[in-house]
Structure formats: structure tokens, C-alpha cells
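In this note's numbering, the protein residues as written are 38 to 128.
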């Protein structure tokens with residue numbers, strides 16, 4: 038069975054950690070309990086839209102390509118997925 042720890046931060050965020058000493062990398066996955074099931078007819082697609090907006094760039098990386106290259110420069114990647122219950126961002 039996989040060993041893990043679950044902690045709750047002061048702001049209520051739950052953090053689950055799974056040590057894997059044989060790996061020399063780190064993965065971060067952020068699950069948000071919002072998906073298409075939580076959308077009305079008026080807001081249909083909002084979760085998926087916001088998922089894509091996070092990869093359009095930032096103040097420091099003004100384009101999606103600049104952001105992608107920043108991840109790749111350190112051997113990383115970023116992606117996301119939306120389903121009916123959750124939206125997940127991972128790197």
C-alpha cells in the first residue's frame with residue numbers, strides 16, 4: 038500500500054503528499070471541485086474556458102508560448118483537464 042500524508046493548511050486547503058524516493062522529480066496536481074456539473078445553461082463551458090485561460094500567459098510570461106518555454110527550460114510541462122466534477126491543473 039502506498040504511504041501518504043494528508044494535511045490541511047490554515048486556509049482550508051488540503052494537501053496530500055506521496056513520497057517517492059526512487060523518483061528524482063516532483064509533480065504538483067491541483068484539483069478544484071468545480072466542473073461542468075456545477076454550471077448552469079448560462080455558464081456552460083466556464084470551467085473549461087478558465088482552464089484554457091491559465092495557459093494564455095502571465096505578467097512575467099506574456100504569451101502562452103513563453104509560459105510553455107519557461108516550464109520546458111527546467112524540464113517540466115503543464116497541462117489541465119476538466120470533467121463534470123473537477124478541474125485539475127498539473128505540472
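Here a beta-carbon is modelled for each residue, glycine too, at the ideal position from N, C-alpha and C.
Every value quoted in this text rests on a predicted model; they were computed, and no experiment measured them.
Looking at the backbone, the Cα of residue 127 and that of residue 44 are separated by about 19 angstroms.
DSSP places residue 110 within a helical segment (H, G or I) once states are collapsed to three.
With respect to the C-alpha of residue 124, the residue from 107, 99, 96 and 70 having the closest C-alpha is 70. The beta carbon of residue 54 is closer than 6 angstroms to those of 42 in its chain, skipping five residues each way along the sequence.
For the pair residue 94 and residue 104, the CB atoms are nearer than the 8 angstroms cut-off. Just measuring C-alpha positions, the residue of 114, 62, 118 and 50 sitting nearest residue 89 is 118.
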